[in-house]
Every structure is written in structure tokens, then in C-alpha cells.
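To start, the structure under review is shown below, and the notes come after it.
Numbering (full-length UniProt numbering), first residue to last: 1 to 603.
The structure is reproduced here in C-alpha cells:
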């Protein structure tokens, strides 16, 4: 080389004073200890973006002006930040020229592969190490546990395997330990309790991480976030969690937790988010959760919880989301829920809740999602429900609700989904329902609704699904239903007492997938429906309407000509109807599940 490296290299003596512990004696020859030559040497091993370090010159004293490089006042390189750069290669095999580095950030699709070299432990000044969102494999080297100054370790979203090193407890300055979305196995080491300064612990998305949560977790008195979601963590939640006075989020969902929700959780008065859904938790919801004045999200769905909903939950005035669905909860909906004026979502479906819908539900001005389906709720839909004027989703199906649909429903102008299937609703449909201009799906089947279908329902310009089947509705079908431009999923008016001709306007429902008018007293010809090419169930038009005409013959005549053919058609219709119902149920499940999944990612 034209000129020498000006004594850039340092003499480094490494003595192992304990397995995995590295003691480094450094005799610096000059400033700029991390040389441009060392960085360029690493670059030559990479196969990605060529512009990285492209302005580097190995003949310069220091690389402080290079892309992603930061230096201190002594011109020593202290930070290398190459986030969102396609490096495509491995980490350096030799770190002896990087000893002043305090921050190493290589994240966001830099496509680093292979293992984390054990020699990285030579970087004793390191306080921040972020290698997340790469393709690193192999185990986490135990040598990483001997950085005396390390405060943040981010190794999430890689392909790391093996267990979390037991020596992790040596990192007593650690504030953030982020290892989620890898393939780690084994248990959470009890030495985690040594990390008194730890703020954030996120180990979720490691499906083979097992065993119980160590009791020592209660020693992490500065912990703000505890994330173990989507793992195989089992056993009880330790009561020592109640010692975590600064805890704001506990996310241990989609795991194998059992036992009761510890009442000590109510001592974590800074808690904002409880995500313990999709486990096997038993017992009742502790009353002491009512102490959590900062609680915003309470998600305990799909467990084995029993007992009643504590009225004390109504003291958690900051709550925006409650989801206790898919448990075995009994009793009634607490009247105190009317105090939760910040509540946006209330999901209590698939339980054994009884009693009436409290009129206080109308106090919830911010409520947009209310799901009380598949319970034992009785009484009437309260008129006061109109007070929840932000409602977009209202599901009350499969209960014992009686009485009329309240006139005040028409004031829920943001309502998009209304399902009151399989109740005991009676009376007539009010023309004022036509004012629900945002409605996309209305399901009222299997009730006791009588009277006629108001023509005003044809003003639902966004409606995709209308199911009024299995009621006692009579009179003519209003032609206005055929003018709904978005009606494409299903129009089901079967099993009623409708009479007269099928409106010619139905010929305009060219997007419609399911049209079921069977088992009514309809008459007339069906020729003009031949253009509905998207229909999945064309035969359902005919069954049970013996005076409807297909061409020049009535359905009755056609049936008499070919009884066997008609029987086969009816069987096919039943099968297709079942499939259609399953698809609709699946669609509803996807809507609710996707809404749940959008809320947060694993811990």
C-alpha cells in the first residue's frame, strides 16, 4: 500500500477468566481504532447493495463520514447503523478492529445469514445490539451474555434455534430483551429475575418455548411489557406478577396457560393491556381487576372461565375493548358497564350469559362493536341502544330476545352489520329501518316477524346480504329490493307467507350469488330471472311455490312430470343451502377474527 496504516491496528490480549467471560486488554496505537480497511474488508464479503460504504477510502485516517458510520469527538467509530440495506452476507468474522463500537444496528431486511459469531463478545463497549429481521440461524451464543454495558438486545424475526442462555441473567444493565419470532425452544430461564433494570421482555412467536413462567419474574420490578404470546408456555401465571407495579402490557395469548387468572394482577395498577386469550385459564375473573384504573384492553376470550362478570370492571373507566367471548361465563351483563364511556368494543358471545341487555348500554357513545351472540339473553332490545350511535356491528343472534325491533334502531346511522338470527323477535318491520344507509348485512331469520316487507328497505344502497327467512312475513315482495345495486351475497326470503309474483326488478340483481324464495305462495313466470348467471342456488326459486311458472308450465306440472328429478333437485338444494350457510358463518368468523388479529402482534 502507498502508505502504511499508521499504526491503526491494536494489540489485543484476550484472557478467559471464566467460561464465556472475555477480558480485553487494549493498547491503542492511535485514534480511529475502527479502520476503514476493516469495514471495507467486511464489505468485500457481502453480495448486496454496492453503495454501502462506497464512499469509503481505506487510506483515510477515519471512516467517520461514511454511510451509516458515527464517531465520537475522538474520531473513534462508536456506531454502525445499516438498517434497511440489502447486505446479503454474514456478520464479520473478526471484530478486533471494532472495539470502540457501542451501537451495532443491522436490521430491516439486511439479509444477514449464518450464525452470530462468538467473537462478537470482544465488543465490551457495546450497549445496543440490533440484528433483527434477518435470516440468522443457529443458537444464541452464550458469549452474548457477557457484555457489561449492554442495555438493549434485539434478535427478533430471525431463524434462531436452541434455548435462551441461562447466563442471560448476567446482563444486569439490560433494559430491552427482544427475541420474538424465532424458533427458540426450552424454558424461560429463572435467571431472568436478575434483570432488575429490564423494561421490555418479548419472547413471543417461539412456538417451542415451553415450561412455566418463572416465579423470579416478579423481581423484574421495572418491567413494562411482558410478551410470551404464541408459545407453548404452560402452567399457572405466578402470583409474583403482582409485584410488577410498572407493568403496562401482559401479552401471553395463544399459549397453554392453565389455572386461574391471579387476583394479584389487580395490584399492577399501571396495567393498560391484558392479552391472555386462547389459553386454558379456569376459574372466575378476579374482582380485583376493577382496581386497574388505567386498563384499556381486557382480552380473555377462548378460555375456560366460569362465574359472573365482576361489576367492579365497570370502575375501569379507560377501557376501550372487552372481549370475554368463548368461555362459560354466567350471570348478567353488569349495569356498571354503562360507566365505560370510552368503550369501543364489547364482545361477550358464546357464553351462558342470561338476563336482559341493560339499558345503560346506551351510555356508551363510543361503542362501535357489540357482540352478545350465542348466550341466554332474554327480554327486549332496549330503546336506549340508540345512544350508542357509533355502532357499526351489532350481533345478538341465538338468544331468547323477544319483543319488537325498537324504532330507535333506525337512529344507528353508522350500523353496517345487524344479526338477530334465532331469537323471538315479533311484530312488523318498521319502514324507518330504511334510514340505515350504511347497512351491508341484515340477518333476521328464525324469528316471529309478521306483516309485510316495507318498500323503504330498497333504499339500502350498500346492502350485500338480506336474510328474512323462517318468519311469518306475508304480502308481496316489494320491487324496490331488486334495485339494491350491491346485493351480491344473498337474498333469502324463504319459509314465509309471501304471495304474488316475483318482481321483475329482480332481473337486475346480476351480481347476486344466492336467491332463495322457496316455501312461500308465490305465483307467475320466472323467465326474466334467466339472466341471473351468478346464482349458486337456482333451484331454490322453485321449491315450495307450486304456482310459479318456468316457461309455459307451472312448477306443480313440472313436479308431476318428474318426481324423481324434483326430489334430487331438492336434495341438491338442501346441500347447497347448508354449504352456503357454512360459508356465510365462515365469512362472519373471518370478519371477527381478522378484527381481533389486527389489534396487536405477538409479545
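Glycine included, every Cβ here is placed at the ideal spot set by N, Cα and C.
| Cα-Cα separation between residue 308 and residue 511, rounded to whole angstroms | As a first step, residue 308 must be located in the chain shown, where it is residue number 308. As a first step, residue 511 must be located in the chain shown, where it is residue number 511. Going by the C-alpha atoms only, they are around 46 angstroms apart.
| Continuous alpha helix (DSSP H) stretch holding residue 37: start and end | Start at 1 with the first residue of the chain shown, and residue 37 comes out as number 37. Per DSSP, residue 37 belongs to the alpha helix (DSSP H) from 36-43.
| Rounded to the nearest angstrom, how far is the Cβ of residue 356 from that of residue 377, given a contact under 8 angstroms? | To locate residue 356, count along the chain shown from 1; it is residue 356. To locate residue 377, count along the chain shown from 1; it is residue 377. With 8 angstroms as the limit, residue 356 and residue 377 qualify as a contact, their Cβ atoms being about 7 angstroms apart.
| query | Mind checking whether residue 344 and residue 325 have CB atoms under 9 angstroms apart? | reply | As a first step, residue 344 is located in the chain shown; it is residue number 344 there, counting from the start. As a first step, residue 325 is located in the chain shown; it is residue number 325 there, counting from the start. No, these two residues do not count as a Cβ contact at 9 angstroms.
| So residue 277 is in the beta strand (DSSP E); what residue range does that whole segment cover? | Residue mapping note: residue 277 aligns to position 277 of the chain shown, counting from 1. Taken as a continuous stretch (DSSP letters only), residue 277 belongs to no beta strand (DSSP E), as it is neither H nor E.
| query | How would you call residue 205, buried or exposed, if buried means at least 16 neighbouring beta carbons within 10 angstroms? | reply | Within the chain shown, the letter at position 205 stands for residue 205. Buried, since its Cβ has 16 or more Cβ neighbours within 10 Å.
| task | From the DSSP output, in three-state form, read off residue 203 for me. | result | Within the chain shown, residue 203 is the residue found at index 203, counting from 1. Coil, per DSSP.
| said: Can you tell me where the beta strand (DSSP E) holding residue 369 begins and where it ends? | reply: As a first step, residue 369 is located in the chain shown; it is residue number 369 there, counting from the start. It spans 369-371 - the beta strand (DSSP E) in which residue 369 sits, taken as one unbroken run.
| said: By the three-class DSSP mapping on this structure, what secondary structure does residue 297 have? | reply: Here residue 297 refers to the residue found at position 297 of the chain shown. In the three-state reduction of the DSSP assignment, residue 297 falls in the strand class.
| Got a sec, what are the start and stop residues for the beta strand (DSSP E) residue 501 sits in? | Taking the first residue of the chain shown as 1, we reach residue 501 at position 501. Per DSSP, the unbroken beta strand (DSSP E) holding residue 501 starts and ends at 497-501.
| message | Quick check: the Cα distance between residue 480 and residue 423, rounded to an integer number of angstroms? | response | For the purposes of this step, residue 480 is taken as the residue at position 480 of the chain shown. For the purposes of this step, residue 423 is taken as the residue at position 423 of the chain shown. Whole-angstrom Cα-Cα distance: 27 angstroms.
| message | So, under 8 angstroms CB-CB, residue 360 and residue 337 are touching, yes? Tell me the CB distance rounded to an integer number of Å. | response | As a working note, residue 360 is residue 360 in the chain shown. As a working note, residue 337 is residue 337 in the chain shown. About 7 angstroms separates the beta carbons of residue 360 and residue 337, which is inside the 8 angstroms limit, making them a contact pair.
| message | Please classify residue 394 as buried or exposed, where buried requires at least 16 other C-beta atoms within 10 Å of its C-beta. | response | Taking the chain shown and counting its residues from 1, one reaches residue 394 at position 394. Counting other Cβ atoms within 10 Å of its Cβ, residue 394 reaches 16 or more and is therefore classed as buried.
| field | residue 380 (DSSP reduced to helix, strand or coil) | value | By one-based count along the chain shown, residue 380 stands at place 380. Residue 380: coil per DSSP, three-state reduction.
| said: Can you tell me whether residue 27 is helix, strand or coil according to DSSP? | reply: For the purposes of this step, residue 27 is taken as the residue at position 27 of the chain shown. Confidence at residue 27 is low in this model, with a pLDDT of 36, below 50, so its placement is unreliable and the value that follows should be read with caution. Reduced to three states, the DSSP call for residue 27 is strand.
| Which one of 436, 470, 223 and 69 has the shortest CA to CA distance from residue 418? | For the purposes of this step, residue 418 is identified with residue 418 of the chain shown, where counting begins at 1. When 436, 470, 223 and 69 are compared, the shortest CA-CA separation from residue 418 is found for 436.
| Helix, strand or coil at residue 213 [DSSP, three-state] | If you number the chain shown from 1, residue 213 lands on position 213. Residue 213 falls in the coil class under three-state DSSP.
| query | Hey, residue 305 and residue 281 are a contact pair by Cβ (cut 8 angstroms); roughly how many whole angstroms apart? | reply | On the chain shown, position 305 is the one that residue 305 refers to. On the chain shown, position 281 is the one that residue 281 refers to. Confirmed, about 6 angstroms.
| field | Distance, residue 181 Cα to residue 208 Cα | value | Taking the first residue of the chain shown as position 1, residue 208 is located at position 208. Taking the first residue of the chain shown as position 1, residue 181 is located at position 181. C-alpha separation (whole angstroms): 11 angstroms.
| query | What residue does the beta strand (DSSP E) around residue 226 start on, and which one ends it? | reply | Residue 226 sits at position 226 when you count from the first residue of the chain shown. Looking at the DSSP string, the run of the beta strand (DSSP E) that includes residue 226 is 225-227.
| message | Measuring only the C-alpha atoms, how far is residue 497 from residue 399? | response | Here residue 497 corresponds to residue number 497 of the chain shown, with the count starting at 1. Here residue 399 corresponds to residue number 399 of the chain shown, with the count starting at 1. Between the C-alpha atoms of residue 497 and residue 399 there is a straight-line separation of about 24 angstroms.
| Sheet register partners of residue 448 (DSSP bridge) | Translated into the one-based positions of the chain shown, residue 448 becomes position 448. Residue 448 is bridged to 426.
| request: Please determine, among 387, 429, 411 and 112, the residue with the shortest C-alpha to C-alpha distance to residue 403. | output: Counting from one through the chain shown, the residue named residue 403 turns up at place 403. Ranking 387, 429, 411 and 112 by Cα distance to residue 403 puts 429 first.
| Per-residue DSSP class, three states only, for residue 139 | The count along the chain shown starts at 1 and reaches residue 139 at position 139. The answer is strand: DSSP assigns residue 139 an E or B state.
| request: Pick helix, strand or coil for residue 393, following the three-state DSSP scheme. | output: As a working mapping, residue 393 is identified with position 393 in the chain shown. In the structure shown, the three-state DSSP call for residue 393 is strand.
| request: Label residue 464 either buried or exposed according to how many other C-beta atoms from any shown protein chain fall within 10 Å of its C-beta, with 16 as the threshold for buried. | output: By one-based count along the chain shown, residue 464 stands at place 464. Buried: at least 16 other Cβ atoms inside 10 Å.
| When burial is assigned at 16 or more other CB atoms within 10 Å of the CB, is residue 84 buried or exposed? | Working through the chain shown from its first residue, we reach residue 84 at position 84. Counting Cβ neighbours within 10 Å, residue 84 comes out exposed, since fewer than 16 surround it.
| field | Nearest-angstrom beta carbon gap, residue 502 and residue 477 [assumed within contact, 8 angstroms] | value | Here residue 477 corresponds to residue number 477 of the chain shown, with the count starting at 1. Here residue 502 corresponds to residue number 502 of the chain shown, with the count starting at 1. With a Cβ gap of about 7 angstroms, residue 477 and residue 502 count as contacting.
| Distance between residue 236 and residue 358 (C-alpha atoms, nearest Å) | Here residue 358 refers to the residue found at position 358 when the chain shown is read from its first residue. Here residue 236 refers to the residue found at position 236 when the chain shown is read from its first residue. For residue 358 and residue 236, the gap between their C-alpha atoms comes out near 34 angstroms.
| task | Excluding the 5 residues preceding and the 5 following residue 219 in the sequence, name in chain order all residues of the same chain whose CB lies nearer than 6 angstroms to its CB. | result | The count along the chain shown starts at 1 and reaches residue 219 at position 219. These residues qualify, in order along the chain: 193.
| message | Taking a contact to mean a Cβ-Cβ separation below 9 angstroms, would you say residue 119 touches residue 159 in this structure? | response | Counting from 1 along the chain shown, the entry for residue 119 is found at position 119. Counting from 1 along the chain shown, the entry for residue 159 is found at position 159. No, Cβ-Cβ distance for residue 119 and residue 159 is not below 9 angstroms.
| message | Quick check on residue 173: does DSSP put it in helix, strand or coil? | response | Against the chain shown, residue 173 aligns to sequence position 173. Look at residue 173 here: in three-state DSSP terms it is coil, with no helix or strand label.
| According to the neighbour-count rule (16 or more other Cβ atoms, all chains shown, within 10 Å of its Cβ), is residue 563 buried or exposed? | As a position in the chain shown, residue 563 is number 563, starting the count at 1. In this predicted model, residue 563 has a pLDDT of only 43, less than 50, meaning its place in the structure is not dependable; the value taken from the coordinates is given anyway. It counts as exposed.
| said: Quick check on the burial criterion: 16 or more other C-beta atoms within 10 angstroms. Buried or exposed for residue 352? | reply: To locate residue 352, count along the chain shown from 1; it is residue 352. Around the beta-carbon of residue 352, fewer than 16 other beta-carbon atoms lie within 10 Å, marking it exposed.
| task | Alpha carbon to alpha carbon, how far is residue 493 from residue 389? Give it in angstroms, no decimals. | result | Counting from one through the chain shown, the residue named residue 389 turns up at place 389. Counting from one through the chain shown, the residue named residue 493 turns up at place 493. So the two alpha carbons sit approximately 29 angstroms from each other.
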